[in-house]
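The block underneath contains the structure these notes are about, expressed in C-alpha coordinates.
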Amino acid sequence: MRSEWFDVLVDGANVVMHETDNAGKGKTETLKQVVSKLKDAELRFFVLFDKGITRKCDEPSYLRKLEKEGVGFTVPGGKEADAYLLFLAERAYDCYVLSRDRFADYEQIYPSIRKRRIVYNLNEGQLEFKPGLEEVKNRRAPPRRPAALNVECSIEQVRRFLVLVTKSKIAKLCSEELLIERKTKNERGRIHIEAEFKEVFKNSEGRSGVLLVKANGIKCLDYKSKSGMTHLTWTPYKLNPTLGRLSGYASPRAIIMLIESDCIHIPLPMKEKRGSLTSLERACNGQPQAMLSTLRNA
27 MRSEWFDVLV
37 DGANVVMHET
47 DNAGKGKTET
57 LKQVVSKLKD
67 AELRFFVLFD
77 KGITRKCDEP
87 SYLRKLEKEG
97 VGFTVPGGKE
107 ADAYLLFLAE
117 RAYDCYVLSR
127 DRFADYEQIY
137 PSIRKRRIVY
147 NLNEGQLEFK
157 PGLEEVKNRR
167 APPRRPAALN
177 VECSIEQVRR
187 FLVLVTKSKI
197 AKLCSEELLI
207 ERKTKNERGR
217 IHIEAEFKEV
227 FKNSEGRSGV
237 LLVKANGIKC
247 LDYKSKSGMT
257 HLTWTPYKLN
267 PTLGRLSGYA
277 SPRAIIMLIE
287 SDCIHIPLPM
297 KEKRGSLTSL
307 ERACNGQPQA
317 MLSTLRNA
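Printed below as a string of C-alpha coordinates:
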(Lines of atoms letter the chains of each structure in order from A and count residues from 1; the text may use other names and numbers.)
(Lines give C-alpha, C1' and ligand atoms only; values in the text may rest on other atoms or scores of the structure.)
Protein backbone atom coordinates (compact mmCIF):
# COMPACT_ATOMS: atom_id res chain seq x y z
CA MET A 1 0.00 0.00 0.00
CA ARG A 2 1.09 3.56 -0.72
CA SER A 3 2.33 5.58 2.26
CA GLU A 4 0.42 8.81 2.82
CA TRP A 5 2.07 11.86 4.35
CA PHE A 6 2.52 15.46 3.27
CA ASP A 7 4.92 18.36 3.71
CA VAL A 8 2.43 21.06 2.66
CA LEU A 9 -1.34 21.43 2.45
CA VAL A 10 -2.37 24.20 0.05
CA ASP A 11 -5.33 26.54 0.64
CA GLY A 12 -6.50 26.25 -2.97
CA ALA A 13 -9.21 28.92 -2.98
CA ASN A 14 -6.90 31.44 -1.28
CA VAL A 15 -4.25 30.92 -3.95
CA VAL A 16 -6.66 30.95 -6.89
CA MET A 17 -8.45 34.12 -5.73
CA HIS A 18 -5.23 36.01 -4.90
CA GLU A 19 -5.46 37.71 -8.30
CA THR A 20 -8.59 38.12 -10.41
CA ASP A 21 -9.24 38.99 -14.05
CA ASN A 22 -11.51 41.74 -15.39
CA ALA A 23 -14.54 39.49 -14.92
CA GLY A 24 -13.69 38.91 -11.25
CA LYS A 25 -12.59 35.31 -11.87
CA GLY A 26 -9.67 33.97 -9.87
CA LYS A 27 -6.49 33.42 -11.87
CA THR A 28 -5.59 29.74 -11.87
CA GLU A 29 -2.10 30.63 -13.12
CA THR A 30 -1.04 31.48 -9.55
CA LEU A 31 -1.96 27.98 -8.39
CA LYS A 32 -0.11 26.46 -11.35
CA GLN A 33 3.02 28.34 -10.30
CA VAL A 34 2.63 27.22 -6.67
CA VAL A 35 2.23 23.58 -7.71
CA SER A 36 5.25 23.84 -10.02
CA LYS A 37 7.42 25.34 -7.26
CA LEU A 38 6.38 22.65 -4.76
CA LYS A 39 7.22 19.93 -7.28
CA ASP A 40 10.60 21.52 -8.06
CA ALA A 41 11.37 21.59 -4.32
CA GLU A 42 10.38 17.90 -4.08
CA LEU A 43 7.81 18.66 -1.39
CA ARG A 44 4.79 16.39 -1.05
CA PHE A 45 1.60 18.45 -1.21
CA PHE A 46 -2.19 18.26 -1.34
CA VAL A 47 -4.61 21.03 -2.37
CA LEU A 48 -7.98 21.60 -0.67
CA PHE A 49 -10.66 23.72 -2.38
CA ASP A 50 -13.82 25.39 -1.12
CA LYS A 51 -17.00 24.06 -2.70
CA GLY A 52 -17.99 26.28 -5.61
CA ILE A 53 -14.47 27.46 -6.45
CA THR A 54 -14.81 26.11 -10.00
CA ARG A 55 -17.47 28.75 -10.67
CA LYS A 56 -15.17 31.51 -9.43
CA CYS A 57 -11.97 30.72 -11.34
CA ASP A 58 -10.87 31.20 -14.94
CA GLU A 59 -9.79 27.59 -15.58
CA PRO A 60 -11.87 25.04 -13.62
CA SER A 61 -10.46 22.21 -15.74
CA TYR A 62 -7.08 22.62 -14.01
CA LEU A 63 -8.68 22.15 -10.59
CA ARG A 64 -10.40 18.99 -11.82
CA LYS A 65 -7.06 17.82 -13.21
CA LEU A 66 -5.46 18.07 -9.76
CA GLU A 67 -8.35 16.08 -8.27
CA LYS A 68 -8.00 13.42 -10.96
CA GLU A 69 -4.27 13.17 -10.22
CA GLY A 70 -5.06 12.57 -6.54
CA VAL A 71 -3.40 15.75 -5.26
CA GLY A 72 -6.55 17.87 -4.83
CA PHE A 73 -10.04 17.65 -3.35
CA THR A 74 -13.06 19.97 -3.10
CA VAL A 75 -14.75 19.92 0.30
CA PRO A 76 -18.46 18.95 0.14
CA GLY A 77 -21.63 20.74 1.13
CA GLY A 78 -20.82 24.34 0.22
CA LYS A 79 -18.38 24.65 3.13
CA GLU A 80 -15.12 26.56 3.38
CA ALA A 81 -12.02 24.40 3.48
CA ASP A 82 -10.40 26.14 6.49
CA ALA A 83 -11.72 23.80 9.19
CA TYR A 84 -10.61 20.70 7.29
CA LEU A 85 -7.31 22.22 6.18
CA LEU A 86 -6.15 23.14 9.69
CA PHE A 87 -7.38 19.92 11.27
CA LEU A 88 -5.52 17.83 8.69
CA ALA A 89 -2.34 19.91 9.04
CA GLU A 90 -2.16 19.72 12.84
CA ARG A 91 -3.93 16.53 13.88
CA ALA A 92 -3.36 14.22 10.92
CA TYR A 93 -0.21 15.07 8.95
CA ASP A 94 1.82 17.48 11.13
CA CYS A 95 2.66 19.62 8.10
CA TYR A 96 2.73 23.19 6.75
CA VAL A 97 -0.21 25.19 5.35
CA LEU A 98 0.40 27.40 2.31
CA SER A 99 -1.93 30.40 2.46
CA ARG A 100 -2.05 34.18 2.87
CA ASP A 101 -4.98 33.74 5.27
CA ARG A 102 -4.01 34.37 8.91
CA PHE A 103 -6.78 32.01 10.15
CA ALA A 104 -7.40 34.38 13.08
CA ASP A 105 -10.64 32.60 14.06
CA TYR A 106 -8.70 29.36 14.57
CA GLU A 107 -5.66 30.61 16.50
CA GLN A 108 -7.01 29.49 19.88
CA ILE A 109 -7.85 26.03 18.53
CA TYR A 110 -4.60 25.60 16.58
CA PRO A 111 -1.96 27.88 18.18
CA SER A 112 0.79 26.30 16.05
CA ILE A 113 -0.72 27.76 12.86
CA ARG A 114 1.71 30.70 13.14
CA LYS A 115 4.61 28.27 12.77
CA ARG A 116 2.90 26.11 10.16
CA ARG A 117 1.93 28.84 7.72
CA ILE A 118 3.86 29.40 4.48
CA VAL A 119 3.01 32.84 3.11
CA TYR A 120 3.31 33.37 -0.63
CA ASN A 121 3.64 36.64 -2.52
CA LEU A 122 3.77 37.63 -6.18
CA ASN A 123 6.59 40.09 -6.83
CA GLU A 124 6.60 41.28 -10.46
CA GLY A 125 5.05 37.99 -11.51
CA GLN A 126 7.50 35.86 -9.52
CA LEU A 127 6.42 33.79 -6.53
CA GLU A 128 8.16 34.28 -3.21
CA PHE A 129 7.62 32.18 -0.08
CA LYS A 130 8.21 32.81 3.61
CA PRO A 131 9.69 30.62 4.91
CA GLY A 132 11.42 29.56 1.69
CA LEU A 133 10.64 26.13 0.27
CA GLU A 134 14.22 24.93 0.74
CA GLU A 135 13.97 25.87 4.42
CA VAL A 136 10.69 23.97 4.65
CA LYS A 137 12.33 20.96 3.03
CA ASN A 138 15.27 21.08 5.45
CA ARG A 139 12.95 21.35 8.47
CA ARG A 140 10.70 18.44 7.56
CA ALA A 141 10.68 15.28 9.62
CA PRO A 142 11.98 11.98 8.22
CA PRO A 143 9.48 10.03 6.08
CA ARG A 144 6.60 8.92 8.26
CA ARG A 145 3.96 6.28 8.19
CA PRO A 146 0.46 7.33 7.03
CA ALA A 147 -1.83 9.33 9.29
CA ALA A 148 -3.08 6.77 11.82
CA LEU A 149 -6.72 6.74 12.82
CA ASN A 150 -8.37 5.22 15.89
CA VAL A 151 -11.86 6.51 16.70
CA GLU A 152 -15.07 5.34 18.31
CA CYS A 153 -18.10 5.43 16.01
CA SER A 154 -21.30 3.55 15.25
CA ILE A 155 -21.98 1.15 12.42
CA GLU A 156 -24.53 3.66 11.08
CA GLN A 157 -21.83 6.35 10.89
CA VAL A 158 -19.57 3.91 9.05
CA ARG A 159 -22.45 3.15 6.69
CA ARG A 160 -22.83 6.86 5.92
CA PHE A 161 -19.10 7.05 5.23
CA LEU A 162 -19.32 4.16 2.76
CA VAL A 163 -22.28 5.77 0.98
CA LEU A 164 -20.20 8.93 0.53
CA VAL A 165 -17.01 7.27 -0.70
CA THR A 166 -18.75 4.83 -3.05
CA LYS A 167 -21.25 7.47 -4.25
CA SER A 168 -23.92 4.76 -4.16
CA LYS A 169 -27.28 6.34 -4.99
CA ILE A 170 -29.22 3.15 -4.25
CA ALA A 171 -27.61 2.72 -0.81
CA LYS A 172 -28.45 6.34 -0.01
CA LEU A 173 -32.14 5.68 -0.62
CA CYS A 174 -32.38 2.23 0.97
CA SER A 175 -33.01 1.15 4.55
CA GLU A 176 -30.43 2.03 7.18
CA GLU A 177 -30.31 -1.67 8.05
CA LEU A 178 -28.48 -2.40 4.79
CA LEU A 179 -24.70 -2.13 4.55
CA ILE A 180 -22.38 -1.85 1.58
CA GLU A 181 -19.93 -4.42 0.25
CA ARG A 182 -17.83 -4.09 -2.87
CA LYS A 183 -16.22 -6.93 -4.76
CA THR A 184 -13.04 -6.25 -6.72
CA LYS A 185 -10.55 -8.32 -8.71
CA ASN A 186 -7.76 -7.31 -6.34
CA GLU A 187 -7.54 -5.89 -2.83
CA ARG A 188 -7.87 -2.23 -3.83
CA GLY A 189 -11.38 -0.84 -3.58
CA ARG A 190 -12.60 -3.87 -1.66
CA ILE A 191 -15.25 -3.53 1.08
CA HIS A 192 -15.80 -6.73 3.04
CA ILE A 193 -18.08 -7.54 5.98
CA GLU A 194 -17.36 -10.54 8.17
CA ALA A 195 -20.54 -11.57 10.02
CA GLU A 196 -22.34 -14.56 11.50
CA PHE A 197 -25.17 -14.07 9.00
CA LYS A 198 -25.04 -12.13 5.74
CA GLU A 199 -27.57 -11.89 2.93
CA VAL A 200 -27.22 -10.00 -0.35
CA PHE A 201 -30.22 -7.72 -0.72
CA LYS A 202 -29.38 -6.07 -4.04
CA ASN A 203 -26.77 -6.75 -6.71
CA SER A 204 -24.17 -4.27 -7.90
CA GLU A 205 -24.96 -1.05 -9.73
CA GLY A 206 -23.56 -1.49 -13.23
CA ARG A 207 -19.83 -2.12 -13.04
CA SER A 208 -19.33 -0.53 -9.64
CA GLY A 209 -19.29 -3.87 -7.84
CA VAL A 210 -21.38 -2.41 -5.00
CA LEU A 211 -23.64 -4.84 -3.13
CA LEU A 212 -26.26 -4.03 -0.51
CA VAL A 213 -26.23 -6.63 2.24
CA LYS A 214 -28.06 -7.35 5.47
CA ALA A 215 -25.69 -8.56 8.17
CA ASN A 216 -26.23 -9.81 11.72
CA GLY A 217 -23.51 -10.51 14.24
CA ILE A 218 -20.91 -8.35 12.51
CA LYS A 219 -17.36 -9.30 13.45
CA CYS A 220 -15.57 -6.65 11.39
CA LEU A 221 -15.94 -4.40 8.36
CA ASP A 222 -12.89 -3.79 6.20
CA TYR A 223 -12.54 -0.92 3.68
CA LYS A 224 -9.71 -0.38 1.20
CA SER A 225 -9.76 2.56 -1.21
CA LYS A 226 -9.10 2.15 -4.92
CA SER A 227 -6.15 4.53 -4.65
CA GLY A 228 -4.47 2.47 -1.94
CA MET A 229 -4.24 5.57 0.28
CA THR A 230 -6.87 4.40 2.80
CA HIS A 231 -7.31 1.16 4.73
CA LEU A 232 -9.82 1.16 7.60
CA THR A 233 -11.28 -1.60 9.76
CA TRP A 234 -14.32 -1.25 12.02
CA THR A 235 -14.64 -3.73 14.91
CA PRO A 236 -17.73 -3.73 17.18
CA TYR A 237 -17.72 -3.79 20.96
CA LYS A 238 -18.83 -7.16 22.31
CA LEU A 239 -21.44 -5.82 24.75
CA ASN A 240 -22.65 -2.97 22.53
CA PRO A 241 -22.24 -4.14 18.92
CA THR A 242 -23.76 -1.02 17.34
CA LEU A 243 -20.66 0.89 18.53
CA GLY A 244 -17.06 0.03 17.81
CA ARG A 245 -13.54 1.19 16.92
CA LEU A 246 -12.51 2.36 13.47
CA SER A 247 -8.77 2.10 12.93
CA GLY A 248 -6.23 2.21 10.13
CA TYR A 249 -4.89 4.98 7.91
CA ALA A 250 -6.63 7.44 5.62
CA SER A 251 -6.12 9.97 2.81
CA PRO A 252 -7.25 13.61 3.14
CA ARG A 253 -10.33 12.83 1.03
CA ALA A 254 -11.27 9.88 3.26
CA ILE A 255 -10.73 11.90 6.46
CA ILE A 256 -13.02 14.64 5.15
CA MET A 257 -15.68 12.03 4.33
CA LEU A 258 -15.29 10.60 7.85
CA ILE A 259 -15.93 14.09 9.22
CA GLU A 260 -19.00 14.48 6.99
CA SER A 261 -20.40 11.16 8.24
CA ASP A 262 -19.75 12.13 11.90
CA CYS A 263 -17.18 9.37 12.44
CA ILE A 264 -14.77 12.18 13.36
CA HIS A 265 -15.74 15.42 15.12
CA ILE A 266 -13.50 18.43 14.70
CA PRO A 267 -13.39 21.73 16.63
CA LEU A 268 -14.76 24.93 15.13
CA PRO A 269 -14.37 28.52 16.35
CA MET A 270 -17.26 29.85 18.41
CA LYS A 271 -18.62 32.76 16.44
CA GLU A 272 -21.92 34.07 15.20
CA LYS A 273 -23.28 31.91 12.37
CA ARG A 274 -25.21 33.15 9.38
CA GLY A 275 -28.21 31.07 8.39
CA SER A 276 -28.66 27.46 9.44
CA LEU A 277 -25.85 25.40 10.91
CA THR A 278 -24.18 22.70 8.85
CA SER A 279 -24.12 19.11 10.09
CA LEU A 280 -20.44 19.59 10.92
CA GLU A 281 -21.19 22.69 13.02
CA ARG A 282 -24.13 21.05 14.79
CA ALA A 283 -21.92 18.11 15.72
CA CYS A 284 -19.04 20.16 17.09
CA ASN A 285 -20.15 23.51 18.48
CA GLY A 286 -20.94 23.74 22.15
CA GLN A 287 -18.98 20.60 23.00
CA PRO A 288 -15.92 21.26 25.20
CA GLN A 289 -14.21 18.17 23.83
CA ALA A 290 -15.30 18.49 20.21
CA MET A 291 -12.14 16.78 19.06
CA LEU A 292 -13.17 13.18 19.71
CA SER A 293 -10.72 11.46 17.41
CA THR A 294 -7.16 10.39 18.05
CA LEU A 295 -5.60 11.08 14.68
CA ARG A 296 -1.87 11.27 14.90
CA ASN A 297 1.23 10.54 12.87
CA ALA A 298 2.31 7.04 13.76
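Numbered according to my numbering, the sequence shown spans residues 27 to 324.
Heads up, the beta-carbon is just placed ideally off N, CA and C, and yes, glycines get one too.
Asp248 in three-state terms, based on DSSP:
The residue you call residue 248 lines up with position 222 of the sequence shown. Note: Asp248 maps to strand in three-state DSSP.
Kindly indicate the opening and closing residues of the beta strand (DSSP E) around Glu161.
In the sequence shown, counting from the first residue as 1, residue 161 sits at position 135. Counting along the chain, Glu161 falls outside any beta strand (DSSP E), though it belongs to the alpha helix (DSSP H) covering Leu159 to Arg165.
Span separating the alpha-carbon of Gly254 from that of Asn48:
If you number the sequence shown from 1, residue 254 lands on position 228. If you number the sequence shown from 1, residue 48 lands on position 22. Those two C-alpha atoms are separated by around 42 Å.
Apart from the five residues on each side of it in sequence, which residues of its chain come closer than 6 Å, Cβ to Cβ, to Arg186?
Counting from 1 along the sequence shown, the entry for residue 186 is found at position 160. Answer for Arg186: Ser287, listed in chain order.
Distance between Val145 and Ala130 (C-alpha atoms, nearest Å)
Counting from 1 along the sequence shown, the entry for residue 130 is found at position 104. Counting from 1 along the sequence shown, the entry for residue 145 is found at position 119. Cα-Cα distance, rounded: 15 Å.
Taking the CB atoms as reference points, tell me whether Phe71 and Leu64 lie closer together than 9 Å.
In the sequence shown, residue 71 corresponds to position 45, counting from 1. In the sequence shown, residue 64 corresponds to position 38, counting from 1. The answer is yes: Cβ separation under 9 Å.
Taking only the alpha-carbon atoms, compute the straight-line gap between Lys299 and Gly103 and give it to the nearest angstrom.
Taking the first residue of the sequence shown as 1, we reach residue 299 at position 273. Taking the first residue of the sequence shown as 1, we reach residue 103 at position 77. Confidence in Lys299 is poor, its pLDDT being 44 and thus under 50, which makes the residue's placement too unreliable to answer from.
Proximal residues to Arg279 (C-beta, below 6 Å), its chain only, five neighbours per side dropped
Numbered from 1 along the sequence shown, position 253 holds the residue referred to as residue 279. Cβ neighbours of Arg279 beyond the five flanking positions: Phe99.
For Pro262, which of helix, strand or coil comes out of DSSP?
Here residue 262 refers to the residue found at position 236 of the sequence shown. Strand at Pro262.
Through-space distance from Ala109 to Leu306, alpha-carbon basis
Here residue 306 corresponds to residue number 280 of the sequence shown, with the count starting at 1. Here residue 109 corresponds to residue number 83 of the sequence shown, with the count starting at 1. For Leu306, the predicted structure reports a pLDDT of 39, less than 50, and the residue's modelled location is therefore unreliable. The matter cannot be settled from this model.
Residue burial classification, Asp37 (beta-carbon count within 10 angstroms, cutoff 16):
On the sequence shown, position 11 is the one that residue 37 refers to. Counting the other CB atoms within 10 Å of its CB gives Asp37 a total of 16 or more, which places it among the buried residues.
Are Ala326 and Tyr136 touching if we call contact CB-CB under 9 Å?
Limits of the chain in this structure are 27 at one end and 324 at the other, which puts residue 326 out of reach.
Tell me the residue span of the alpha helix (DSSP H) that contains Arg90.
Within the sequence shown, residue 90 is the residue found at index 64, counting from 1. Pro86 to Lys94 is the extent of the alpha helix (DSSP H) around Arg90.
Please state the DSSP three-state secondary structure of Gly254.
For the purposes of this step, residue 254 is taken as the residue at position 228 of the sequence shown. Of the three classes helix, strand and coil, the one that applies to Gly254 here is coil, per DSSP.
Is it right to say Val189 is buried, meaning 16 or more other beta carbons lie within 10 angstroms of its own, or is it exposed?
Counted from its first residue, the sequence shown places residue 189 at position 163. Its Cβ being crowded by 16 or more others within 10 Å, Val189 is buried.
Tell me whether the segment 235 to 249 and the segment 216 to 225 touch, counting them as touching only if at least three CB pairs, one residue from each stretch, are closer than 8 Å.
yes
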